[in-house]
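First residue of the sequence shown? That's 3 in my numbering, and the numbers climb one at a time after it.
Quick reminder that beta carbons are idealized off the backbone N, C-alpha and C, glycines included.
Small disclaimer: the values here were computed from a predicted structure and weren't measured.
The structure appears below as structure tokens.
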Amino acid sequence: MLLVAAFAGVGVLPLVLARAFGVSFAVSAPIVVLLAVIYWAAASDSVLMERGLKGRNGEAVVGEALEDLRWERYIVLHDVPFAGKGNIDHLVSGPNGVYLVETNFGSYLPVHLKKAKRQAAKLSGDLGVPVTPVLCVGASDGDPYRHGGVQVVGFDAPLPWIRGQSNPPVEFQRLAHFSAGL
């Protein structure tokens with residue numbers, strides 16, 4: 003019923019505009035349609051903007067937490083350009099390995115796993131050591147687990163998980179050479 007009333011209101015609006023401003027129905031009807039489209043676009047954009055802000059906030063939260071590893075002889079890089087195809091949210095290199103950390107505010111999709119795995123494989127080739135892909139998600143409230151070759155951890159878990167690993171580290175000179183090429 004509410005939907006019918008809304009359509010009736012929108013249908014009457016051009017007539018009201020036509021009478022109030024002395025313009026024809028042919029002029030007022032497209033104006034009403036344009037305003038409806040603008041309203042719809044603004045509402046859709048706000049949802050997309052909210053998702054973007056949540057994603058950026060998630061990256062900031064995880065990035066800030068990863069900064070604590072600097073005190074433990076880790077190198078932490080943020081927003082690393084990736085071969086002309088986007089970026090790596092965080093790259094962590096320490097005495098127990100190299101970790102590519104992607105963040106996702108909500109849950110994740112297979113495409114997120116594929117991206118992290120593909121980027122880690124490329125980076126592993128560039129650095130000459132294994133690079134472990136890690137997907138840090140806000141919607142995870144359980145223990146870290148492996149899914150599709152990618153380690154999945156919650157926003158509160160990347161530090162203890164990274165600290166508990168034992169993988170080959172990358173030589174500092176090699177990482178410096180890689181970083182210089184960014």
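Is it true that the CB of residue j sits closer than 7 Å to the CB of residue i?
| i | j | result |
| --- | --- | --- |
| Leu-93 | Ala-118 | no |
| Val-154 | Val-100 | no |
| Pro-135 | Leu-102 | yes |
| Arg-72 | Val-78 | yes |
| Gly-150 | Leu-111 | no |
| Asn-59 | Gln-167 | no |
| Tyr-76 | Gly-96 | yes |
Which residues share a DSSP beta bridge with residue i?
| i | result |
| --- | --- |
| Glu-104 | Leu-137 |
| Ser-95 | Ile-77, Val-100 |
| Asn-89 | Pro-83 |
| Gly-156 | Val-139 |
| His-149 | Val-152 |
How many whole angstroms separate the CB atoms of residue i and residue j, which I take to be in contact at a CB cut-off of 8 Å?
| i | j | result |
| --- | --- | --- |
| Thr-105 | Glu-69 | About 14 Å; that fails the 8 Å criterion. |
| Phe-188 | Gly-140 | Because the chain spans 3 through 184 in this model, residue 188 falls outside it and cannot be assessed. |
Please classify residue i as buried or exposed, where buried requires at least 16 neighbouring CB atoms within 10 angstroms.
| i | result |
| --- | --- |
| Ser-181 | exposed |
| Ser-48 | Residue placement at Ser-48 is flagged as unreliable, the pLDDT there being 45, under the threshold of 50; the coordinate-derived value follows with that caveat. It is exposed - the Cβ of Ser-48 has fewer than 16 other Cβ atoms within 10 Å. |
| Ala-122 | buried |
| Pro-160 | buried |
| Leu-184 | exposed |
| Val-113 | exposed |
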